[in-house]
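Q: One structure, as structure tokens, below. Some questions next.
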Ligand code: NAD
């Protein structure tokens, strides 16, 4: 990758994917001109679109394109009502998305949640809880912990203590496993992201109960010494869940193990008001200053609104901004896209999911108009 020339695999997928991807590419094209860099964007089918085009949710040619690219801009995949006879392993959610995560060793999931003040009314919290506003980045470990440790379900047969009659029951075991190396690499991502933000990391663990948590806290504390310019605090996960709804403005970067991050990132997402606003990044192998990433909206294919030009393209547009920031180091361009989104909202543009009847000086618009408004604000 030359410093100002980037290759992007654009995989729109299913449902609203193609509609919102079109707007993200529109915005990227404006950004490219404004900031004088070159984007080679190649579109390819994935999901049901991949099955229709090449009988596979992740066609070989699509995977090959991703391997030749500097990052993947992903829409979403999966249509629950399509062909129930196709087994789970071949359905898009597993055969495309999980396969890509594995193929590119995507170990860090980043989910920013930012609530513009104009949208305070769509936040489920009372306005007085919002303080200076919500601007949180949840950094979640994606490949270790409870979801990937050894697991089993077994039938146990034993004799009852008093009656001595045999009785049986089923027992399920999940194991939480994490290594120092896995903690260090995700913590580096969190500290480096904090340097591009308000320089505060809140590390989430359960160090008072779990061995995993104690190791997590020890390793993060040690590694934090390499980032003296970033403030580090530790919080137990139960308190973290509570603080998110009591005083969300205290958080900048929340650094979480896989399971805790899964739960807290959805809790934080709810504060953002609509899935249509929330981008995400999944980052892979670290190089000195750039990371390979898959960038996608936090939501799915929204089959209920697909093809109607009513989906909110902001999550996809902000995913493209994350790509510029984290994979290409084009921070200024990323900030420009994010502030263009802010301007479109401040100017009153609302897709259906963020529109409130009776709100003054707002206008309900479609997917294309929202994309046009963001591109114009750039
Ligand atoms: P969903 O996120 O697609 O939709 C949930 C609700 O949010 C719907 O009412 C939808 O209309 C709304 N919504 C989502 N994105 C929106 C947007 N940009 N603008 C306006 N409204 C939006 O979740 P679901 O209905 O549970 O799943 C539908 C399909 O998507 C399933 O097949 C699921 O497996 C898949 N899915 C894929 C991904 C992915 O590709 N990463 C993620 C989640 C779900």
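In this note's numbering, the protein residues as written are 5 to 382. For glycine and all other residues, C-beta sits at the position ideal for the given N, C-alpha and C. All of these numbers come straight from a predicted model, not from anything done at the bench.
Looking only at DSSP bridge pairs, what is residue 117 linked to?
A: As a first step, residue 117 must be located in the chain shown, where it is residue number 113. Per DSSP, 140.
Q: Kindly indicate which three-state DSSP category residue 193 falls into: helix, strand or coil?
A: Counted from its first residue, the chain shown places residue 193 at position 189. Helix, per DSSP.
Q: Assuming the contact rule is C-beta atoms closer than 8 Å, residue 205 and residue 234 should be a hit. Round their C-beta distance to whole Å, please.
A: Counting from 1 along the chain shown, the entry for residue 205 is found at position 201. Counting from 1 along the chain shown, the entry for residue 234 is found at position 230. Indeed they touch by this definition, with Cβ atoms about 6 Å apart.
Q: Label residue 155 either buried or exposed according to how many other C-beta atoms from any shown protein chain fall within 10 Å of its C-beta, with 16 as the threshold for buried.
A: Counted from its first residue, the chain shown places residue 155 at position 151. With fewer than 16 Cβ atoms within 10 Å of its Cβ, residue 155 is classed as exposed.
Q: May I ask you to report which of helix, strand or coil DSSP gives residue 157?
A: Taking the chain shown and counting its residues from 1, the one referred to as residue 157 is at position 153. If DSSP states are grouped into helix, strand and coil, residue 157 belongs with the strands.
Q: Which stretch, first to last residue, makes up the alpha helix (DSSP H) that contains residue 223?
A: Walking along the chain shown from the start, residue 223 turns up at place 219. Run containing residue 223: 215-228, per the alpha helix (DSSP H) assignment.
Q: So if I measure from each beta-carbon to every heavy atom of ligand 1 and keep distances below 5 Å, which residues remain?
A: Going along the chain, the residues that qualify are 80, 81, 82, 84, 97, 279, 280, 303, 304, 305, 306, 308, 309, 315, 316 and 357.
Q: Could you name each continuous alpha helix (DSSP H) segment of 4 residues or more that falls completely within the stretch 303-365, going from the start of the chain to the end?
A: For the stretch 303-365, whole alpha helix (DSSP H) runs of length 4 or above, ordered along the chain, are 318-330 and 335-350.
Q: With H, G and I counted as helix, E and B as strand and the rest as coil, what does DSSP make of residue 266?
A: Within the chain shown, the letter at position 262 stands for residue 266. Helix, per DSSP.
Q: Find the nearest neighbour of residue 23 within the set 324, 310, 342 and 363, judged by alpha-carbon distance.
A: Here residue 23 is taken as the residue at index 19 of the chain shown, counted from 1. Of the listed residues, the one whose Cα sits closest to residue 23 is 310.
Q: For residue 50 and residue 16, I'd like the C-alpha separation in whole angstroms.
A: For this step, residue 50 is matched to residue 46 along the chain shown. For this step, residue 16 is matched to residue 12 along the chain shown. Between residue 50 and residue 16, the C-alpha separation is close to 7 Å.
Q: Can you list the alpha helix (DSSP H) stretches of 4 or more residues lying completely in the stretch 30-107, in chain order?
A: Qualifying alpha helix (DSSP H) stretches, in chain order: 52-58, 64-72 and 103-107.
Q: Near residue 75, what residues of its chain come up, given a Cβ to Cβ distance below 7 Å and the 5 sequence neighbours on each side ignored?
A: In the chain shown, residue 75 corresponds to position 71, counting from 1. Excluding sequence neighbours, residue 75 sits near 12, 296, 297, 299, 327 and 331.
Q: I need the boundaries of the alpha helix (DSSP H) containing residue 381, first residue and last residue.
A: On the chain shown, position 377 is the one that residue 381 refers to. Here the alpha helix (DSSP H) through residue 381 covers 371-381.
Q: Counting along the chain, where does the beta strand (DSSP E) carrying residue 244 start and finish?
A: Taking the chain shown and counting its residues from 1, the one referred to as residue 244 is at position 240. Segment 241-250 is the alpha helix (DSSP H) holding residue 244; no beta strand (DSSP E) there.
Q: Looking only at its own chain, which residues have a Cβ that is under 8 Å from the Cβ of residue 161, when we skip the five neighbours before and after it?
A: As a first step, residue 161 must be located in the chain shown, where it is residue number 157. Excluding residues within five positions, the ones whose Cβ falls inside 8 Å are 170, 171 and 172.
Q: Give the C-beta separation of residue 315 and residue 371 to the nearest angstrom, bearing in mind that I take them to be a contact with Cβ-Cβ under 8 Å.
A: Taking the chain shown and counting its residues from 1, the one referred to as residue 315 is at position 311. Taking the chain shown and counting its residues from 1, the one referred to as residue 371 is at position 367. The Cβ separation is near 5 Å, so the contact holds.
Q: Is there contact between the stretch 83-96 and the stretch 43-59, where contact requires at least three CB pairs shorter than 8 Å?
A: The stretch 83-96 vs the stretch 43-59: in contact.
Q: Counting along the chain, where does the beta strand (DSSP E) carrying residue 172 start and finish?
A: If you number the chain shown from 1, residue 172 lands on position 168. Looking at the DSSP string, the run of the beta strand (DSSP E) that includes residue 172 is 170-178.
Q: According to DSSP, what are the bridge partners of residue 9?
A: Along the chain shown, read from residue 1 onward, the residue named residue 9 stands at position 5. Residue 9 pairs with 42.
Q: Would you mind working out which of 25, 33, 279 and 18 sits nearest residue 382, comparing C-alpha positions?
A: Mapped onto the chain shown, residue 382 falls at position 378. The shortest Cα separation from residue 382 among 25, 33, 279 and 18 belongs to 33.
Q: If we ignore side chains and look at the alpha-carbon of each, how far apart do residue 339 and residue 145 end up?
A: Position 335 of the chain shown, counted from the first residue, corresponds to residue 339. Position 141 of the chain shown, counted from the first residue, corresponds to residue 145. Rounded to the nearest angstrom, the two C-alpha atoms are 25 Å apart.
Q: Closest by CA to residue 265, which one among 35, 242 and 307?
A: Counting from 1 along the chain shown, the entry for residue 265 is found at position 261. It is 242 whose Cα lies nearest to the Cα of residue 265.
Q: Please classify residue 342 as buried or exposed, where buried requires at least 16 neighbouring CB atoms within 10 angstroms.
A: The residue labelled residue 342 in the question sits at position 338 within the chain shown. Residue 342 should be labelled buried.
Q: How would you write the range of the beta strand (DSSP E) that residue 206 sits in, first residue to last?
A: Here the question's residue 206 lines up with position 202 in the chain shown. Run containing residue 206: 204-209, per the beta strand (DSSP E) assignment.
Q: How is residue 148 classed by DSSP in three states: helix, strand or coil?
A: Residue numbering aside, residue 148 sits at position 144 when the chain shown is read from its first letter. Three-state result, residue 148: coil.
Q: Helix or strand or just coil, what does DSSP make of residue 286?
A: Taking the chain shown and counting its residues from 1, one reaches residue 286 at position 282. Reduced to three states, the DSSP call for residue 286 is strand.
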